[in-house]
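The structure appears right after this line, and notes come after that.
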Amino acid sequence: MERKEFIKTCGFACLGTTIFSSLLQGCVSTKSISVKINGEDLIVPLSNFEKDGKTLKYLVVNNSQLQYPIYVFRFSENHFTALYMQCTHQGNEVTAYGEKLVCSAHGSEFDNKGNATNGPASNPLRKFQLELDNHNILISLKKA
Ligand code: FES
C-alpha cells in the first residue's frame, strides 16, 4: 500500500470510529439531575424527562442527602420506577446504560425493574414507592 493510500484509508477509519462513538454515546447518554427533598419525598419534576423535543426513558437523580443516586425509569406517561443505585452484592454504585444497570465491581447486571439479571448479585435493587402529581414524581424515601 502506498503512503498516500495508507493515509487516506486511516483517515476514513478514524472518521468512521469517531462518528460511530458519537452515535453510540448519544444512544446511551444519561441525564443526571439534582433534585430537592420535601419532607420524606424526593421531588422529581416531570419536565426533566423532556429534552430537545424528545421524551427520555430514564433519569439519574441525586441529592446531597443520598449516598447513592436513584435511577428513575419511565415505562409510560403514568408508570415509573425508582431504583437505588447501590449494588446488592457488595454495595458498589451501579451505572445506568439505558434500560440496564451495571456494577463495575464484579459485573452484576440489573434490568429497569431492578431485577438481577447477571450475578454475582442475586437480590433486586432497592425499589422506592412513588406517586405522581400533575408536575412531579414524588419518591418516598421512607424505609419500606
Ligand atoms: S459489588 Fe456489585 S457485583 Fe459485586
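Numbering (UniProt numbering), first residue to last: 1 to 144.
Where a beta carbon is used, it is the ideal one built from N, C-alpha and C, also for glycine.
Rounded straight-line distance, which links the Cα of residue j to that of residue i
i, j, result
"Gly62", "Lys113", "Checking the sequence, you will find Asn at residue 62 rather than Gly. One C-alpha to the other measures close to 19 Å."
"Gly11", "Ala96", "Bear in mind that a pLDDT of 49 at Gly11, under 50, signals an unreliable position, so the number given afterwards is only what the model happens to contain. Going by the C-alpha atoms only, they are around 33 Å apart."
"Asp133", "Lys36", "15 Å"
"Ser140", "Thr88", "20 Å"
"Asn123", "Ser47", "32 Å"
"Val44", "His106", "31 Å"
"Phe110", "Gly119", "9 Å"
"Cys27", "Leu56", "Note that Cys27 scores a pLDDT of 49, beneath 50, so its modelled location is shaky; the value from the coordinates is reported in the next line. Each residue's alpha carbon lies about 11 Å from the other."
"Glu31", "Glu50", "Per the sequence presented here, residue 31 reads as Lys, with Glu not at that position. One C-alpha to the other measures close to 10 Å."
"Val94", "Val60", "11 Å"
"Thr81", "Gln90", "23 Å"
"Phe128", "Gly53", "28 Å"
"His135", "Gln67", "26 Å"
"Glu77", "Ser104", "31 Å"
"Leu42", "Leu101", "21 Å"
"Ala121", "Asn115", "10 Å"
"Leu83", "Glu40", "16 Å"
Minimum C-alpha distance to residue i - residue among the options
i, options, result
"Pro69", "His135, Arg126 and Asn78", "Arg126"
"Met85", "Thr55, Ser108, Asn78 and Ile137", "Ser108"
"Arg74", "Gln129, Glu99 and Asn38", "Glu99"
"Gln65", "Asn38, Leu138 and Lys54", "Asn38"
"Leu130", "His79, Asn115, Asn92 and Ser34", "His79"
Cβ-heavy atom distance, residue i to the ligand FES, below 7 Å
i, result
"Asn92", "yes"
"Ala121", "yes"
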